[in-house]
Amino acid sequence: ETLIEVRDIGKRYGNVIALSGVTTSVHAGEVTCVLGDNGAGKSTFIKILAGAHPHSDGELVVDGEPRHFTSPRDAQALGIATVYQDLAVVPLMPVWRNFFLGQEPTKGWGPLRRLDRETMKRTTSTELAAMGIDLRDVDQPIGTLSGGERQCVAIARAVYFGARVLILDEPTAALGVKQSGVVLKYIARARERGLGVVFITHNPHHAYPVGDRFMLLRRGRSMGDFPKSDLTLDE
Ligand code: ADP
Ligand code: ADP
Numbered sequence: 003e004t005l006i007e008v009r010d011i012g013k014r015y016g017n018v019i020a021l022s023g024v025t026t027s028v029h030a031g032e033v034t035c036v037l038g039d040n041g042a043g044k045s046t047f048i049k050i051l052a053g054a055h056p057h058s059d060g061e062l063v064v065d066g067e068p069r070h071f072t073s074p075r076d077a078q079a080l081g082i083a084t085v086y087q088d089l090a091v092v093p094l095m096p097v098w099r100n101f102f103l104g105q106e107p108t109k110g111w112g113p114l115r116r117l118d119r120e121t122m123k124r125t126t127s128t129e130l131a132a133m134g135i136d137l138r139d140v141d142q143p144i145g146t147l148s149g150g151e152r153q154c155v156a157i158a159r160a161v162y163f164g165a166r167v168l169i170l171d172e173p174t175a176a177l178g179v180k181q182s183g184v185v186l187k188y189i190a191r192a193r194e195r196g197l198g199v200v201f202i203t204h205n206p207h208h209a210y211p212v213g214d215r216f217m218l219l220r221r222g223r224s225m226g227d228f229p230k231s232d233l234t235l236d237e
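FYI, the numbering for the sequence shown is 3 to 237, going by UniProt numbering.
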């Protein structure tokens with residue numbers, strides 16, 4: 003199932019061409035990797051998919067319909083969730099509160115009522131366990147978790163709240179080998195659950211094992227979009 007088609011997309015900031023001629027696609031149960039060095043246009047590409055910056059040229063097709071996102075809400079409404087590198091978490095708040103942050107119905111929602119705290123805690127534990135995240139205590143402040151664990155919580159949260167497409171901005175960049183391995187495992191798990199994943203990274207060694215499709219960016223231009231079977235990785 004094709005979730006997103008990116009057709010010859012470009013982005014200009016005034017006279018600066020940040021991105022041009024970018025074509026790729028995102029499929030349910032697959033990981034599309036976007037690879038490039040600094041300044042290649044990765045952040046710009048994320049912003050277009052996330053609805054933060056509208057594209058200037060080309061076509062963005064989601065669920066078969068051409069779209070022009072003008073705000074992150076437009077992307078969210080279609081189940082596109084973005085996990086940024088600097089995660090929007092409140093370090094001193096418990097893991098379970100962060101899990102539900104911004105998602106709790108408040109007063110005035112008619113028949114909707116707020117989940118009680120035990121339900122939220124239980125749900126958080128269950129959902130994290132389902133993604134293979136073994137946390138002894140969802141009451142601990144999220145700031146006490148490692149960077150890798152926080153990434154995993156953010157991914158599990160997006161999955162629980164109905165994301166169909168996950169956009170991951172350098173989820174392994176700030177992590178050591180072991181933590182990166184943990185995050186890569188969760189990316190594979192999100193894929194198994196049928197999500198379409200866009201994995202943005204400068205590191206081909208991280209992308210190759212989990213990727214199904216690879217789009218290479220260089221100085222704002224696409225160097226091509228390849229299925230894994232077309233590529234090998236030199237050690
Ligand atoms: P990456 O994330 O791969 O490092 P970026 O998407 O941040 O790349 O940048 C791609 C190009 O677009 C760079 O040349 C950068 O200077 C330019 N660029 C990015 N954002 C802006 C902006 N808001 N205004 C002007 N130029 C920008
Ligand atoms: P927004 O506030 O909507 O996210 P901005 O255009 O203010 O968008 O900046 C987005 C990102 O692009 C920021 O991280 C900023 O540092 C970067 N940026 C802005 N202008 C440039 C530029 N000329 N070259 C490279 N990066 C830029």
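Quick reminder that beta carbons are idealized off the backbone N, C-alpha and C, glycines included.
As the structure is a computational prediction, the values presented were derived from the model and not from experiment.
Do residue j and residue i have their beta-carbon atoms positioned less than 7 Å apart in this structure?
i: ALA192; j: VAL199; result: yes
i: GLY213; j: VAL33; result: yes
i: SER22; j: ARG223; result: yes
i: PRO206; j: LEU37; result: yes
i: LEU219; j: GLY41; result: no
i: GLN87; j: ASP10; result: no
i: SER58; j: GLY12; result: yes
i: CYS104; j: ALA77; result: Looking at the sequence provided, one finds Gly at residue 104 rather than Cys. The answer is no: Cβ separation not under 7 Å.
i: ARG159; j: PHE101; result: yes
i: VAL63; j: GLU120; result: no
i: ALA156; j: VAL92; result: no
i: ASP227; j: THR26; result: yes
i: GLY81; j: GLY196; result: no
Can you give me the start and stop residues for the beta strand (DSSP E) that residue i sits inside?
i: GLU7; result: 4 to 15
i: MET133; result: First-last for MET133: undefined, no H or E at that position.
i: ARG215; result: 215 to 220
i: PRO68; result: 67 to 69
Does ligand 1 have even one heavy atom less than 6 Å from the beta-carbon of residue i?
i: ALA190; result: no
i: TYR86; result: no
i: THR46; result: yes
i: GLY178; result: no
i: VAL18; result: yes
i: ALA54; result: no
i: GLY38; result: yes
i: ALA42; result: yes
i: TYR15; result: yes
Give the secondary structure of residue i by DSSP, where H, G and I count as helix, E and B as strand, and everything else as coil.
i: GLY60; result: strand
i: ILE202; result: strand
i: ASP171; result: strand
i: VAL91; result: coil
i: GLY183; result: helix
i: ASP232; result: helix
i: ALA83; result: strand
i: ARG191; result: helix
i: LEU37; result: strand
i: SER45; result: helix
i: ALA209; result: helix
i: LEU51; result: helix
i: SER22; result: strand
i: GLY196; result: coil
i: SER73; result: coil
i: ARG124; result: helix
i: ARG166; result: coil
Quick one, which of the options has its alpha-carbon nearest residue i's?
i: ILE202; options: LEU168, LYS187, GLY226 and VAL184; result: LEU168
i: SER231; options: PRO211, MET225, GLU237 and ARG221; result: PRO211
i: CYS35; options: VAL97, GLU194, GLU237 and PRO229; result: PRO229
i: TYR188; options: GLU129, LYS123, ARG215 and GLN142; result: GLU129
i: HIS208; options: LEU186, GLU194 and MET217; result: LEU186
i: ASP65; options: VAL28, SER45, GLY196 and GLY226; result: VAL28
i: ALA132; options: ILE48, LEU80, CYS154 and GLN181; result: CYS154
i: MET95; options: LEU80, LYS123 and PHE216; result: LYS123
i: LEU89; options: ARG152, VAL24, GLU61 and GLY134; result: ARG152
i: LYS180; options: VAL24, SER148, ASP141 and ASP136; result: SER148
Within the present structure, is the beta-carbon of residue i separated from the nearest heavy atom of ligand 3 by less than 6 Å?
i: ASN205; result: Absence of ligand 3 from the depicted structure is noted, with ligand 1 and ligand 2 being the only ligands included.
I'd like the span of the alpha helix (DSSP H) that includes residue i, first residue to last.
i: ARG152; result: 149 to 162
i: VAL97; result: 97 to 102
i: ALA30; result: Neither: ALA30 is in no alpha helix (DSSP H) and is coded neither H nor E.
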